[in-house]
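Residue numbers (my numbering): 39 to 477.
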């Protein structure tokens, strides 16, 4: 029997022999739960609360291969966490369970921004699994979207334990926000300024005014639906093309051309620049401003001179920038083999985040531990399932002593996995290499 099969079998026997686990109040021990029907037959599921309050779910397949995927979800989600929230993430990445990996993921202890907070909670749920089921053969950290920032930070902060032993054997980052907190959101601050210059309705003239970098005024109760209505009134987004006025079309074209986004991205990014900025600035940075457009020269409108003269300007507080950098920026000092996957046309976390991360890792002298892959897709939350399978399999083979994977070898692995899935396309672009855009 080879080492992989022996390890997997021992893990399965361990689970079979384990007594039924019941969770008690204030206890992080997993409690048995009914698995959702999208998981393979025979999967065992557990749920509970982590030591700091975040809710988690765990799934262990009947044919467990001995490796654990610890998932860091995206967002940040600003709502109060609920007990079954991790099921959304489990369903999205259920292909990992189908391929034989155990999976666990947490809501984090609260909603809202906080990369170090979420990284700590992710490490905690890893420890919960180890305590309940024993240390797996491999522990793989996976971050999706903003969770990519969380996972990359967790990989830096909790790479080894106090005795110097490896904690995370490998890392997968999918569609990750990897440019760091001080770089990732500046374009949304620009969007707020440019949008307000043309639309003057966020805030409206009859509302209390506030600096746009705050996201929302302290007593402003604007909802997402109301924000969408304001965008529709100003730009016509949400209306058929034939019903849009010439003025709406002009304003929309100017906003999109200057900021560099598409029409279907406008409301989403404006919402992040509203509700996330409120949480980030007012609740996490004590009202200090981390954004700066004081020297930005906007271009691409039908009158750049008027735009630059009239747009709202703001200067970052150095203390806010330092605090945000401490929380969310990345050093590039990775110690575990890391594989990334990102759609070239991702509308939410732009693909240049990968270039920023690559540059940071290479500057730290750790480029030999990083493999990046790109797909010809315009999706963010979910790429084609066999592509994720190929990434996890490539990392696992690398950890088992195989050769460092390449984009070409991962693409080939995807073709082998694709017949097992309903949408079996593999769209890796093995020649693609993004660069960080000029400011």
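Backbone N, C-alpha and C define an ideal beta-carbon position, used for all residues, glycine too.
DSSP, read as helix, strand or coil, puts residue 216 in coil. Straight through space, the alpha carbons of residue 370 and residue 249 are spaced by roughly 33 Å. Between the C-alpha atoms of residue 214 and residue 435 there is a straight-line separation of about 22 Å. If you draw a straight line from the Cα of residue 113 to the Cα of residue 388, it comes to about 15 Å.
Residue range 284-297 is occupied by the alpha helix (DSSP H) that includes residue 287, with no beta strand (DSSP E) assigned at that position. Inter-residue distance for residue 413 and residue 427 is about 14 Å (C-alpha atoms, whole angstroms).
The shortest C-alpha to C-alpha distance from residue 208 to any of 439, 475, 465 and 433 is the one to 433. The three-state secondary structure of residue 252, taken from DSSP, is helix.
Pairing residue 277 with residue 268, the inter-Cα distance amounts to about 12 Å.
Inter-segment contact for the region 341-351 and the region 225-237 is present: three or more beta-carbon pairs are separated by less than 8 Å. Going by C-alpha positions, residue 290 is about 14 Å away from residue 231.
With respect to the 9 Å criterion, residue 157 and residue 97 are not classified as neighbours on the basis of their beta carbons.
Checking the DSSP bridge columns, you'll see residue 180 partnered with 109 and 210. Beyond the five residues adjoining it in sequence on each side, residue 101 comes within less than 7 Å, by CB distance, of 138 in the same chain, given in chain order. Taking 9 Å as the cut-off, the Cβ atoms of residue 87 and residue 94 count as close. For the 9 Å CB-CB criterion, residue 216 and residue 299 do not form a contact. Annotation: residue 423 to residue 461 spans about 7 Å, alpha carbon to alpha carbon.
Apart from the 5 residues on each side of it in sequence, residue 202 has no Cβ closer than 6 Å to any other Cβ in its chain. CA-CA distance, residue 417 to residue 294, rounds to 19 Å. For residue 130, the enclosing alpha helix (DSSP H) starts and ends at 124-130.
Distance from the CA of residue 212 to the CA of residue 69, rounded to the nearest whole angstrom, comes to 29 Å. Positions of the alpha helix (DSSP H) runs, each at least 4 residues long and wholly inside the region 368-427, are given as 390-401 in order along the chain. When beta bridges are read from the DSSP output, residue 142 appears opposite 96 and 108.
A distance below 9 Å separates the beta carbons of residue 362 and residue 323.
Looking at the backbone, the Cα of residue 441 and that of residue 448 are separated by about 12 Å. The Cβ atoms of residue 145 and residue 164 lie no closer than 9 Å to each other. Here residue 390 has 217, 472, 473, 474 and 475 as same chain residues with Cβ atoms under 8 Å from its own Cβ, once five neighbours each way along the sequence are excluded. Of the candidates 104, 78, 65 and 103, the residue whose Cα lies closest to the Cα of residue 85 is 65.
The C-beta separation of residue 385 from residue 359 comes to about 27 Å, leaving the pair out of contact by the 8 Å criterion.
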